[in-house]
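Visitor: This structure is in structure tokens; I'll ask about it shortly.
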Amino acid sequence: MRIGAHVDQADPLAEAAARGAEAVQFFLTDPQKYNSPKPREDAALIRASEVDVYVHAPYIVNVASPNNRIRIPSRKLLMAHARAAAELGAKGLIVHGGHVGKGADLADGFTNWRKAFEYAESEGGLPLPILIENTAGGDNACARRFDDLARLWEAVGSFGAGFCLDTCHAFAGGEELPGIVDRVKAITGRIDLIHANDSKGGFDSGQDRHDNLGNGKIDPELVVAAIRASGAPAIVETPGGVEGQTADIALLRERAGN
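Heads up: the sequence shown begins at 1 in this note's numbering, then just goes up one per residue.
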């Protein structure tokens with residue numbers, strides 16, 4: 001069981017060492033901009049490290065959007081980040097499920113997701129797994145409610161899409177955490193990564209506000225249970241820097257039996 005944290009991109013291996021983390025996740029660029037990643041001077045060190053690496057795609061990526069000024073750049077950016085992440089030996093590229101916007105037809109979002117994978121195939125294929133993450137907010141989101149997630153998987157499952165389960169997003173998105181792993185696997189057949197986060201917002205609040213384990217509205221034992229049941233590695237995306245995340249990692253190691 002590999003447990004780690006989302007860290008600053010400048011020196012992820014040093015950040016991992018500071019936390020005693022076996023895995024790290026980081027951005028390659030500003031998550032709010034359409035910037036293509038540049039080659040990293042530490043790429044060889046990252047590839048050779050025993051630390052498991054995950055890359056998070058920019059938040060701005062929304063391949064589900066009906067707006068072609070968002071959707072088309074998002075497809076290209078996703079491909080660029082996938083290639084750059086593969087150069088680092090990353091085990092997966094995490095991307096949010098996206099949304100279609102108020103008043104739009106959610107079915108179009110699922111179709112656009114399929115087209116994103118078709119685009120990737122036309123560009124030579126994805127060099128690493130794309131891990132679609134459930135989201136907390138948005139009434140027209142593709143991966144907030146699990147009934148919608150099932151429709152998304154009908155569109156993309158055949159392309160080998162992976163899944164990242166965020167416990168804060170699920171709770172704030174209105175999905176009960178007890179038994180959540182079985183419910184997800186019944187839809188996706190897999191959970192590749194857990195984002196092990198507490199939630200500042202209440203159940204079904206739609207608020208994407210992470211908290212340290214035991215400080216928010218989620219019983220940490222439910223987070224531990226999800227990790228145990230999934231057998232997946234876990235990344236904490238919690239506040240408090242080195243101190244806060246080290247405590248969260250320690251809690252998960254102690255209670256999940258690592």
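A virtual CB, placed ideally from N, CA and C, is assigned to each residue, including glycine. Since the structure is predicted, the reported quantities are computational estimates derived from the model, not experimental observations.
For ALA229, which residues of its own chain have a beta-carbon under 6 Å away from its beta-carbon, when the five flanking residues on both sides are left out?
Guide: Once the five neighbours on either side are set aside, the close Cβ partners of ALA229 are VAL181.
Visitor: What are the boundary residues of the alpha helix (DSSP H) that GLU50 is part of?
Guide: Element bounds for GLU50: n/a, residue is neither H nor E.
Visitor: Hey, quick one: how far does the alpha helix (DSSP H) through GLY244 stretch, first residue to last?
Guide: Unbroken alpha helix (DSSP H) run through GLY244: 241-256.
Visitor: Can you tell me the Cα-Cα spacing of ASN292 and THR238, whole angstroms?
Guide: Limits of the chain in this structure are 1 at one end and 258 at the other, which puts residue 292 out of reach.
Visitor: Identify which residue in TYR34, ARG19, ALA57 and PRO12 has its Cα closest to the Cα of GLU41.
Guide: If we check each option's Cα against that of GLU41, PRO12 comes out closest.
Visitor: Assuming LEU193 and PRO233 are in contact, meaning their beta carbons sit under 8 Å apart, how far apart are those beta carbons, in whole angstroms?
Guide: Going by Cβ atoms, the distance from LEU193 to PRO233 rounds to 6 Å, so yes, they are a contact pair.
Visitor: Name the residue from PRO31, ARG47 and LEU77 whose alpha carbon lies nearest to the alpha carbon of TYR59.
Guide: For TYR59, the nearest C-alpha among the options comes from PRO31.
Visitor: When burial is assigned at 16 or more other CB atoms within 10 Å of the CB, is ALA14 buried or exposed?
Guide: Exposed: under 16 other Cβ atoms inside 10 Å.
Visitor: Less than 8 Å separating the beta-carbons of LEU149 and LEU93?
Guide: The answer is no: Cβ separation not under 8 Å.
Visitor: According to the Cβ coordinates, are TYR54 and GLN9 closer than 8 Å?
Guide: No, Cβ-Cβ distance for TYR54 and GLN9 is not below 8 Å.
Visitor: Note down, one range per segment and in chain order, each beta strand (DSSP E) of at least 3 residues found wholly within the stretch 193-231.
Guide: DSSP runs (the beta strand (DSSP E)) wholly in the stretch 193-231: 193-195.
Visitor: Evaluate contact between the stretch 245-256 and the stretch 168-181, counting only Cβ atoms and requiring at least three cross-stretch pairs below 8 Å.
Guide: As far as the Cβ criterion goes, the stretch 245-256 does not touch the stretch 168-181, which means the pair count is below three.
Visitor: Keeping to the same chain, check which residues put their C-beta closer than 6 Å to that of ILE218; ignore five residues upstream and five downstream.
Guide: Answer for ILE218: PHE171, ASP198 and SER199, listed in chain order.
Visitor: Locate the alpha helix (DSSP H) running through VAL156, then write down its first and last residues.
Guide: Segment 146-156, the alpha helix (DSSP H) holding VAL156.
Visitor: Do the CB positions of GLY4 and ALA18 come within less than 8 Å of each other?
Guide: The answer is no: Cβ separation not under 8 Å.
Visitor: Pull up the distance between the alpha-carbon of ASN68 and that of SER36, whole angstroms please.
Guide: Cα-Cα distance, rounded: 18 Å.
Visitor: When the Cα of ILE72 is compared with those of THR29, LEU88 and ALA120, which residue comes out closest?
Guide: ILE72 has its Cα closest to that of ALA120, out of THR29, LEU88 and ALA120.
Visitor: Please name the residue, chosen from LYS33, GLU175 and ARG2, that lies closest to GLY20 on a Cα-to-Cα basis.
Guide: Ranking the options by Cα distance to GLY20, first place goes to ARG2.
Visitor: What residue does the alpha helix (DSSP H) around ASP108 start on, and which one ends it?
Guide: Segment 106-122, the alpha helix (DSSP H) holding ASP108.
Visitor: Among the residues of its own chain, which have a CB less than 8 Å from the CB of ILE46, if the five just before and after it don't count?
Guide: Cβ neighbours of ILE46 beyond the five flanking positions: PRO12, LEU13, ARG40, VAL53, LEU88 and GLY89.
Visitor: Comparing alpha-carbon positions, which option in ALA43, ALA84 and SER65 lies nearest THR29?
Guide: Ranking the options by Cα distance to THR29, first place goes to ALA84.
Visitor: In the DSSP output, what is HIS6 paired with across the bridge?
Guide: DSSP, once it has assigned bridges, lists GLN25 as partnering HIS6.
Visitor: Leaving aside the five residues before and after PHE110 along the sequence, list all residues of the same chain whose C-beta is less than 6 Å from its C-beta, in chain order.
Guide: Result list for PHE110: ARG151, LEU152 and ALA155, in chain order.
Visitor: For ILE235, tell me which candidate among GLY206, HIS99, GLU133 and LEU77 has the shortest Cα-Cα distance.
Guide: That would be GLU133, whose Cα lies nearest to the Cα of ILE235.
Visitor: Less than 8 Å between the CB atoms is what I'm expecting for ALA136 and HIS169, so what's the real figure, rounded?
Guide: Right, their Cβ atoms sit about 4 Å apart.
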